[in-house]
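Presented below is the structure to which this report refers.
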Amino acid sequence: MKLLIFIQLILTTYAFVPDYFSITKPGNQFQPANIIELLAINPNIRTLIRCAILCDRNIQCRTFDYDSISKQCRLFEGSIDTGILLSVSSASVVGSIKIDESLYDLYNASSDACVNNRFLVSDTLNDWCHCPIHTFWNRSICVNQRYDGEVCANDNWCRTDLNITCVSSICTGNGSSPLISSTTVTTTITKTTSTTSSSTSSSTSSSSTTTTTTSTSSSSSTTSSSSSTSSSSTTTTTTTTKTTSSSSTTSSTTKTSTSSTTTAMST
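Reading the sequence shown from the start, the letters are residues -15 to -1, 1 to 252 in mature numbering (1 follows the signal peptide of the UniProt record, and there is no 0).
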């Protein structure tokens, strides 16, 4: 039984990989030109071959990486030459499609010629075979569309879905993906909240100092109020630290003022 499974695995491997997939040596991980190129993260994938099969079944997939320890398989639409190979643990490898002109011999042919073709889309409406989404024809092959700052001949060369267009032969526009934009918004909200809390703390400290000059009892009340404000404004670690420090200073000032008053009365 084990022998049968082993033979079947060998047949599956040689029937699938050798034509247009290339595997790097162990110790590499793929970093795409833009995070939006990440098509899928597949957990619990037992073997490298299964990961490669998942990529092959997705017409947009051109690169994948696989970690044999975590069993994680990631698929990317960017070609391997558009991103960066990072040095990581020896358990990770990167696989990619070897793009060749022969894979696109049917470009511009009638739609029925490329039905179920791995590299071209069969457009029955306009009756022709053309490049998949997010790629463009460079007169030889279908290559990935480009991002902000890269050279272009027309809008088709650029990621127009990200509002990037070709201006003066340069792809120009907002090169951030929706994921990156979302992160930026979250960071902005956090900073705004922190600033507001700091302002509240500063205002409370100022009020505390003024009341201390008037009377000792009022100072104690204000100090308590300041401490209360400190408890409610624990938005971030930085804000809490500043508020506590301010309350401590106020308390110290109060004690000094009380001491001076007592001395004067004794005299």
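Just so you know, even glycine gets a beta-carbon here, dropped at the ideal spot from N, CA and C. Note that this is a predicted model, so its numbers are computed, not measured.
What separation, rounded to the nearest whole angstrom, lies between the Cα atoms of residue i and residue j?
i      : j      : result
Ile69  : Cys127 : 20 Å
Leu147 : Val106 : 22 Å
Ala94  : Cys114 : 5 Å
Asp4   : Ser77  : 22 Å
Leu71  : Leu110 : 42 Å
Ile38  : Phe6   : 10 Å
Cys40  : Asp52  : 15 Å
Ala25  : Cys58  : 8 Å
Cys137 : Val152 : 8 Å
Asn101 : Arg42  : 10 Å
Arg31  : Ser154 : 45 Å
Pro28  : Cys36  : 10 Å
Glu86  : Lys56  : 33 Å
Helix or strand or just coil, what does DSSP make of residue i?
i      : result
Leu88  : helix
Thr109 : coil
Cys116 : coil
Cys99  : helix
Ser154 : coil
Ile6   : Sequence inspection shows Phe at residue 6; the Ile mentioned does not correspond to that position. Here Phe6 sits in strand by DSSP.
Per DSSP, which residues does residue i bridge with? Please list them.
i      : result
Arg131 : Cys143
Phe121 : Val128
With a CB to CB cut of under 6 Å and the five nearest residues on each side skipped, what residues in its chain are close to residue i?
i           : result
Phe121      : Gln130, Asn141 and Trp142
Glu135      : Cys156
residue 253 : No answer is possible for residue 253: it lies beyond the span of the chain, which begins at -15 and ends at 252.
For residue i, which residues in the same chain have their Cβ closer than 8 Å to its Cβ, ignoring the five residues on either side in sequence?
i      : result
Ser64  : Arg47, Thr48, Ser81, Ile82, Ile84, Val128 and Asn129
Phe104 : Ile44, Leu88, Tyr89, Pro117 and Cys127
Tyr132 : Ala18, Asn19, Cys143, Arg144, Leu147, Ile149, Cys156 and Gly160
Thr74  : Per the sequence shown, residue 74 should be read as Ser rather than Thr. Counting only Cβ-Cβ distances below 8 Å, and skipping sequence neighbours, we find Gly12, Asp52 and Ile54.
CB-CB under 7 Å to residue i, same chain, minus the five flanking residues each way: which ones, in chain order?
i     : result
Gln16 : Gly68, Ile69 and Leu71
Ser96 : Ser107, Asp108, Thr109, Asp112, Trp113 and Cys114
Glu22 : Phe61, Glu62 and Gly63
Exercise. Whole beta strand (DSSP E) runs in the region 10 to 95 with 3 or more residues, listed along the chain?
Worked result: If we require 3 residues or more, the beta strand (DSSP E) runs fully inside the region 10 to 95 come out as 13 to 16, 23 to 27, 48 to 52, 57 to 61, 69 to 72 and 77 to 82.
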